[in-house]
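Here is the structure we will look at.
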Amino acid sequence: IWAWAGDDPDPDVVIACAGDVPTLEALAAVTILRARVPDIRIRFVNVVDLMVLQPETQHPHGLNDRDFDALFTTDTPVIFAFHGYPALIHKLTYARANHRNIHVRGFKGEGTTTTPFDMVVLNDLDRYRLALDAISRIPRLAGIVRAETDHYWTMMERHKLYIAEQGDDLPEVRDWQWRA
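Under the numbering used here, the letters of the sequence shown match residues 109 to 288, in that order.
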């Protein structure tokens, strides 16, 4: 758990990530979530060793159920941003209590020569998608899902127009920095 990014003991959502670009996008998604839903409760988990996702009986680095559940909970939506194929995370976590709530965004093989942010957009791994995924899976936020979906598509349209005209990512994306 990266406490400085989110360590709520009773989270509405767990934002998890593995890999450099997914971690950056997940952190940016946290800032979007906090701006759009100020009272949201977030836990942020960065996974460095994917083998910890497996039960300890399947790999020496695997976490026991108690420790895994302490990180990922047993009933909270988990949005997992991953630098590989999403099926791998599902395969590693299929035996966990909260597996049904783990939603993974990762590489889909989309994209070619384009901007760095457009690559994550094309693979549905961008900060706006991650934030929308979180909002749409938190039951108490059901009333704002339509507006947030509209906001997502507005941002995607702005992004596409900007890169077509400028050949670069939007300044707020390109220059984004974590601010506590």
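Glycine residues also receive a C-beta, built at the ideal position from the N, C-alpha and C atoms.
Simplified DSSP assignment, three categories, for residue i
{"i": "A134", "result": "helix"}
{"i": "D232", "result": "coil"}
{"i": "P194", "result": "helix"}
{"i": "R149", "result": "coil"}
{"i": "P168", "result": "coil"}
Boundaries of the beta strand (DSSP E) in which residue i is found, first to last residue
{"i": "V121", "result": "121-126"}
{"i": "I210", "result": "210-213"}
Residue i CB to nearest heavy atom of the ligand PLP below 6 Å
{"i": "G170", "result": "Absent from the structure shown: the ligand PLP. Ligands present: none."}
Burial state of residue i (16 or more Cβ within 10 Å)
{"i": "A195", "result": "exposed"}
{"i": "T182", "result": "exposed"}
{"i": "Q285", "result": "exposed"}
{"i": "D208", "result": "For the record, residue 208 in the displayed sequence is Arg; it is not Asp. Exposed, by the Cβ-count rule."}
{"i": "E133", "result": "buried"}
{"i": "D267", "result": "A small fix is needed here, since residue 267 is His in this sequence, not Asp. H267 comes out buried."}
{"i": "Y202", "result": "exposed"}
Limits of the alpha helix (DSSP H) - the one that residue i falls within
{"i": "V186", "result": "Counting along the chain, V186 falls outside any alpha helix (DSSP H), though it belongs to the beta strand (DSSP E) covering 186-190."}
{"i": "I243", "result": "235-245"}
{"i": "V253", "result": "253-274"}
{"i": "A178", "result": "173-180"}
{"i": "P279", "result": "279-282"}
Residue i versus the options, residue with shortest Cα-Cα distance
{"i": "V153", "options": "Q166, H167, Q285, I210", "result": "I210"}
{"i": "M227", "options": "T201, M264, T165, V212", "result": "M264"}
{"i": "E218", "options": "H207, D232, A205", "result": "D232"}
{"i": "V135", "options": "R208, P117, P146, W110", "result": "It should be pointed out that residue 135 corresponds to Leu in this sequence rather than to Val. Comparing Cα-Cα distances from L135 to each of R208, P117, P146, W110, the minimum goes to W110."}
{"i": "A250", "options": "G114, A113, D115, D120", "result": "D120"}
{"i": "A126", "options": "D183, H191, T165, A242", "result": "H191"}
{"i": "D118", "options": "L171, V129, P130, D177", "result": "D177"}
{"i": "L238", "options": "Q274, Y260, T184, L278", "result": "Y260"}
{"i": "A124", "options": "F225, F188, P168", "result": "F188"}
Residue i at chain D interface by Cβ criterion, 7 Å
{"i": "Y202", "result": "The question asks about chain D, but that chain is absent: this structure has only one protein chain."}
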